[in-house]
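Read through the structure below, which is laid out as structure tokens, and then see the notes.
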Amino acid sequence: MPTRHGCVANSTSVISILHGHLWRLPIARYPQRHGSAAKLADQPPDLLVDRLWLVEIEFRSDITVELVRANASDADVVFAARVSTVGEQSLEDVDADPQRSSGLINYLMRDRHGSPFEHNSMTFFVKAPIFVWREHMRHRIASYNEESGRYRELLPVFYVPGHDRPLIQSGKPGAYEFHPGTAEQYDLVDSAIKDSCTSAYAAYMNMLEAGVAREVARMVLPVTIFSSAYVTMNARSLMNFLSLRRKVEGSHFPSYPQREIEMVAEVYEDHFARLMPITHATFIANGRVAP
Ligand SMILES: Cc1cc2nc3c(=O)[nH]c(=O)nc-3n(C[C@H](O)[C@H](O)[C@H](O)COP(=O)(O)OP(=O)(O)OC[C@H]3O[C@@H](n4cnc5c(N)ncnc54)[C@H](O)[C@@H]3O)c2cc1C
3 MPTRHGCVAN STSVISILHG HLWRLPIARY PQRHGSAAKL ADQPPDLLVD
53 RLWLVEIEFR SDITVELVRA NASDADVVFA ARVSTVGEQS LEDVDADPQR
103 SSGLINYLMR DRHGSPFEHN SMTFFVKAPI FVWREHMRHR IASYNEESGR
153 YRELLPVFYV PGHDRPLIQS GKPGAYEFHP GTAEQYDLVD SAIKDSCTSA
203 YAAYMNMLEA GVAREVARMV LPVTIFSSAY VTMNARSLMN FLSLRRKVEG
253 SHFPSYPQRE IEMVAEVYED HFARLMPITH ATFIANGRVA P
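Its first residue numbered 3, the sequence shown is counted upward by one per residue in my numbering.
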């Protein structure tokens with residue numbers, strides 16, 4: 003966890019971040035605490051470090067997705083659909099004939115009778131960079147509650163692409179293909195993102211320390227910063243999300259999503275497949291078209 007310390011910590015990561023900050027953090031802070039920036043240069047290094055707030059900046063190449071609650075099963079689809087023909091008995095009818103249930107779900111999926119797939123819910127806790135949330139929240143048929151950058155200080159956790167993340171695009175807009183970068187390109191991406199995030203977070207902290215409101219100070223933070231939210235979807239809206247946010251061979255309508263939102267979709271789909279195996283299998287068998 004990122005921490006703020008009043009003195010030098012032994013942790014390597016804290017020390018290395020301190021090096022990155024030495025040239026900028028004290029100059030902004032010293033005048034507040036001691037009245038003169040000029041005096042700072044006269045301080046021996048030990049004393050200088052001792053007076054700093056050290057900020058441990060965390061860089062992550064993964065995204066957190068956890069299923070926190072689910073009320074979702076294939077039976078939920080079947081009882082909702084059968085109400086058309088057998089009324090309230092449909093609830094008792096659910097497990098009577100699994101094969102027939104599977105056929106019914108396939109029919110509903112294939113002919114795009116979507117509403118029976120809405121009587122269920124899956125709630126996820128997701129920690130993702132802001133640039134992923136911008137794409138995610140375009141999916142309006144979902145419920146969201148996100149942490150507030152107005153009511154709490156945002157933690158210094160930033161996304162940096164891992165070296166397994168393709169860097170180079172080719173092809174045309176709407177259907178880009180991605181390929182690995184060179185070692186130099188990976189190093190450049192790594193250092194450019196880390197330097198700019200570190201600098202931005204230092205500016206954020208300086209503004210907070212100067213008494214500026216969180217909602218104003220956060221304006222300096224980049225879209226790589228992580229934010230967390232609960233997301234609740236039903237199987238119908240989730241299938242729509244999965245059809246658009248994963249690139250999968252055999253999809254009737256191929257999609258070319260950004261890799262990072264696809265990482266979220268992959269975990270969603272694993273949970274969906276486990277909770278609603280028949281529905282998931284028919285979604286795939288019908289070309290990943292959301293009903
Ligand atoms: C690869 C990719 C590239 C993209 N590029 C861009 C881009 O360049 N610029 C950009 O702005 N967006 C872009 N998007 C976002 C995209 O246009 C959709 O906003 C996003 O995928 C959400 O899809 P949705 O509307 O189907 O989802 P939801 O909002 O969850 O809606 C689900 C379904 O509900 C129905 N629905 C929801 N709201 C309405 C409504 N108001 N009126 C009628 N029907 C409604 C529709 O049937 C819809 O499919 C991109 C998405 C993808 C996957």
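All residues carry an ideal CB built from backbone N, CA and C; glycine is no exception.
Counted as a single uninterrupted DSSP element, the stretch harbouring I263 is not any beta strand (DSSP E) but the alpha helix (DSSP H) occupying residues 261 to 277. With contacts defined by Cβ atoms closer than 9 Å, E68 and V128 form a contacting pair. By the beta-carbon neighbour count (other beta carbons within 10 angstroms, threshold 16), L244 is buried. In this structure the segment 148 to 165 lies against the segment 58 to 66, because at least three pairs of beta carbons, one per stretch, are closer than 8 Å. Separation of V85 and F228 (C-alpha to C-alpha, rounded to the nearest whole angstrom) is 44 Å. Excluding five sequence positions before and after V269, the CB atoms of its chain that fall closer than 7 Å to its own CB belong to V67, given in chain order. T226: not part of any beta strand (DSSP E); DSSP gives it neither H nor E. Two segments are said to touch when three or more pairs of C-beta atoms, one from each, lie closer than 8 Å; by this definition the segment 170 to 187 does not touch the segment 212 to 227.
Contact between N122 and Y232 fails: their C-beta atoms lie close to 17 Å from each other, not under 8 Å.
Per DSSP, the beta bridge partners of F180 are Q171. Within 8 Å of the C-beta of N147 there is not a single heavy atom belonging to ligand 1. In the structure shown, E120 adopts helical secondary structure according to DSSP, grouped into three states.
For A205, the closest alpha carbon among the candidates A194, L223, D189 is that of L223.
Secondary-structure assignment with DSSP links S230 through a beta bridge to K129. Of the candidates A74, P168, R142, A74 places its Cα closest to the Cα of P118. The segment 235 to 242 makes contact with the segment 133 to 150; the number of CB pairs closer than 8 Å reaches 3 or more. The beta-bridge partner set that DSSP reports for S145 consists of T234. Boundaries for V162: no alpha helix (DSSP H) harbours it, and the DSSP string shows neither H nor E there. The beta carbons of Y188 and I59 sit no closer together than 9 Å.
Counting C-beta atoms within 10 angstroms of its own C-beta, P293 has 16 or more neighbours from the protein chains shown and is therefore classed as buried.
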